[in-house]
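Residue numbers (this note's numbering): 1 to 720. Ideal Cβ placement from N, Cα and C applies to all residues, glycine included.
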């Protein structure tokens with residue numbers, strides 16, 4: 001009995017150990033309360049391995065000397081902290097805004113001191129920067145000043161609003177964030193300062209504004225500029241450029257800024273001249289880049305309605321830039337060239353706080369080991385994040401790539417690719433390594449799979465050059481041989497008096513119905529040369545009929561689909577992900593048919609002479625450029641690179657412009673209108689198309705509601 005019980009206990013113990021071992025990896029993976037993602041060049045979001053792991057939190061257990069009881073300590077936690085800085089020794093400085101003080105911690109989060117200048121008390125400070133010489137600069141927002149302290153906390157200088165004729169009278173000096181360069185020059189971000197960073201010399205003298213954002217103007221803004229007076233337009237506050245939210249500086253002296261109120265260029269890397277280094281295109285730059293920074297996590301394929309609002313940034317020792325978003329609560333990291341590495345985030349609970357989740361991020365900083373520290377101003381705590389093995393591998397490989405050491409980075413990128421084949425930076429890294437080694441075919445394949453348009457174009461150019469060089473002798477021999485044959489044929493013809501019989505005979509043209517149909521189809525070429533006469537002939541001389549028009553329309557639709565499906569990847573990158581040919585054909589057909597109907601209706605009301613069959617036929621013939629130009633252009637695009645992009649787009653835009661002009665001349669010729677009447681008719685046609693579209697949308701919406709209502713009644717009857 002005892003032995004049986006002992007065996008059962010031993011068996012249960014073994015099962016428990018096995019269960020614990022099998023569950024342990026899940027606990028480790030599930031210990032991260034957020035997901036890490038990557039967004040590729042086709043705007044597709046992929047979940048990847050965790051790049052940064054939660055490594056701790058501190059800031060709540062702070063104890064300061066009780067003024068009422070000297071020598072005794074009392075609990076003094078953070079209150080609405082707004083900024084965070086880590087110096088060269090990895091010591092941490094927190095701007096404790098609610099308590100009007102600076103909290104100085106060591107690298108383990110233990111309190112070193114509290115900076116509270118007694119003679120110059122702080123009032124709602126929001127920014128801090130510690131210079132390499134130990135001087136501490138504080139953006140004392142409530143006192144409208146910047147305070148400079150030495151390493152012991154003694155006040156050295158106080159910088160208020162500088163005096164200069166170049167500063168507008170409306171400018172308010174409310175400093176929120178700042179950095180100081182090696183010369184001692186201050187770059188200050190002010191609240192609502194749309195002019196850019198305020199630049200001061202070490203003595204506090206105004207040197208100018210730095211790194212201002214540009215104003216974006218829409219068509220409505222242009223109309224307002226024409227109609228409004230100068231005073232009215234200047235009151236358009238929304239037209240002012242966004243004010244810089246935060247600023248950082250790296251060891252090379254580049255100034256980094258983030259801005260909330262802009263749709264593009266939220267993150268900038270400025271050189272000493274104030275030029276954005278992320279706006280240009282470097283080696284293997286991607287033309288799909290839209291200049292937007294700050295990622296959003298899509299759930300179940302839905303894009304968040306709110307746009308990112310970047311609040312702060314930090315630059316690590318490898319030059320990687322990490323930004324935080326106060327609206328979407330997402331952390332995004334980019335390399336030194338602005339290429340996305342990864343982003344992550346998660347919703348923090350209303351009552352509880354999990355390690356790794358931040359409820360309201362107000363600042364971010366990084367230490368010498370590239371660990372991240374995020375300040376949570378609502379939970380009054382600092383969250384620490386350490387690189388995972390996957391994150392370290394990506395940083396090492398990408399750092400070598402950024403330095404141009406492509407061959408050294410190749411084994412690291414191969415390991416990253418082995419761990420995650422969907423991670424596009426690994427594919428791009430391997431593509432760059434293949435390109436530098438001269439394996440252009442492999443580079444071309446990898447660039448294409450990763451969506452690297454510029455790299456694909458460069459690789460294809462090299463392959464095209466090698467192909468031509470290898471066959472140059474063959475081409476020259478063929479050209480010389482063909483020229484010799486032509487010369488011999490002409491010489492023999494002159495000597496023998498021989499001529500090809502076909503040159504003196506006319507080719508017989510087919511007669512009957514087939515000949516008539518072929519002639520009507522051939523009328524499209526006459527329309528291209530003489531559009532007004534050609535369309536006039538369609539209406540009054542019967543040069544074409546609906547059958548020939550339908551043939552050309554079908555060919556034009558097929559040509560449009562061919563353009564969408566077969567245009568070279570360089571000029572149509574989305575084709576690799578989703579061609580959407582059916583949708584494109586439907587849109588083409590709906591727009592064309594809507595124009596035909598709308599133009600016939602409006603022309604009939606404005607004394608037009610064209611019948612519906614004439615409008616249909618002429619509008620179909622106006623689409624002939626898609627067959628004549630679109631198909632050859634699509635075929636030729638297969639051997640073009642970005643170097644010939646201007647030629648490609650010139651012909652493509654010319655194609656659409658030519659079709660639009662033919663539609664204009666079609667209305668003029670078929671309806672027998674003057675130029676002014678044609679413009680009026682086309683304007684009414686476009687307006688009618690919009691009205692028809694709105695009515696169809698309403699009808700379909702009401703129909704779907706009616707169907708749902710009838711179905712609900714049917715279900716109710718069946719159930720009862």
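Residue 86 and residue 101 have their alpha carbons spaced roughly 16 Å apart.
When C-beta atoms of the region 305-313 are compared with those of the region 239-248, three or more pairs fall below 8 Å, so the two segments count as touching. Residue state for residue 380 is assigned as coil, using DSSP reduced to three classes. One thing to note: residue 308 has its Cβ within 8 Å of the Cβ of residue 294.
Remark: C-beta atoms of residue 184 and residue 197 do not approach each other more closely than 8 Å. Remark: three or more beta-carbon pairs, one from each stretch, lie closer than 8 Å, so the region 661-674 and the region 595-611 are flagged as touching. Of the candidates 556, 613 and 529, 613 places its Cα closest to the Cα of residue 600. Beta-bridge partners assigned by DSSP to residue 322: 314 and 333. Apart from the 5 residues on each side of it in sequence, residue 319 sits with its Cβ closer than 6 Å to the Cβ of 336 in its chain, given in chain order. When the beta-carbon positions are compared, residue 428 and residue 399 stay at least 8 Å from each other.
Taken through DSSP and simplified to helix, strand or coil, residue 260 comes out as coil. Taking each of 213, 167 and 71 in turn and checking the Cα distance to residue 206, the smallest one comes out for 167. In the pairwise beta carbon analysis, the region 422-440 is classified as touching the region 403-413: at least three pairs are separated by under 8 Å. For residue 78, the three-state secondary structure derived from DSSP is coil. With the rule of 3 Cβ pairs closer than 8 Å, the region 525-535 does not count as touching the region 555-569. Partner residues in the beta bridge of residue 36, as assigned by DSSP, are 48 and 344. In this structure the region 390-398 touches the region 413-422; the number of beta carbon pairs closer than 8 Å is three or more.
Residue 175 and residue 652 have their C-alpha atoms spaced approximately 51 Å apart. Secondary structure note for residue 107: it is in no beta strand (DSSP E), with a DSSP letter that is neither H nor E.
A direct Cα-Cα distance of roughly 23 Å separates residue 678 from residue 588. For residue 118 against residue 90, the beta-carbon gap comes to about 28 Å, at or over 8 Å, which does not count as contact. Counting of Cβ neighbours within 10 angstroms places residue 410 among the buried residues, the total reaching 16 or more. The C-beta of residue 132 has fewer than 16 other C-beta atoms within 10 Å across all chains shown, which makes the residue exposed. According to the DSSP assignment, residue 573 belongs to no beta strand (DSSP E), since it is labelled neither H nor E. For residue 520, the CB contacts under 7 Å within the same chain, skipping 5 residues up- and downstream, are 543, 544, 545 and 548 in chain order.
Collapsing the DSSP output to three states places residue 65 in a strand.
Around the CB of residue 476, fewer than 16 other CB atoms lie within 10 Å, so the residue is classed as exposed. Annotated three-state conformation of residue 172 is coil, per DSSP. When only Cα atoms are considered, residue 414 and residue 430 end up about 7 Å apart. Distance from the CA of residue 448 to the CA of residue 424, rounded to the nearest whole angstrom, comes to 11 Å.
When C-alpha distances from residue 604 are compared across 412, 684 and 707, the shortest belongs to 684. A buried status is given to residue 666, since no fewer than 16 other beta-carbon atoms sit within 10 Å of its beta-carbon. Distance between residue 129 and residue 150, taken at the CA atoms: about 12 Å.
According to DSSP, residue 180 shares a beta bridge with 186. About 12 Å separates the beta carbon of residue 95 from that of residue 142, a gap too long to meet the 8 Å contact definition. By the neighbour-count definition (other C-beta atoms within 10 Å, threshold 16), residue 75 is an exposed residue.
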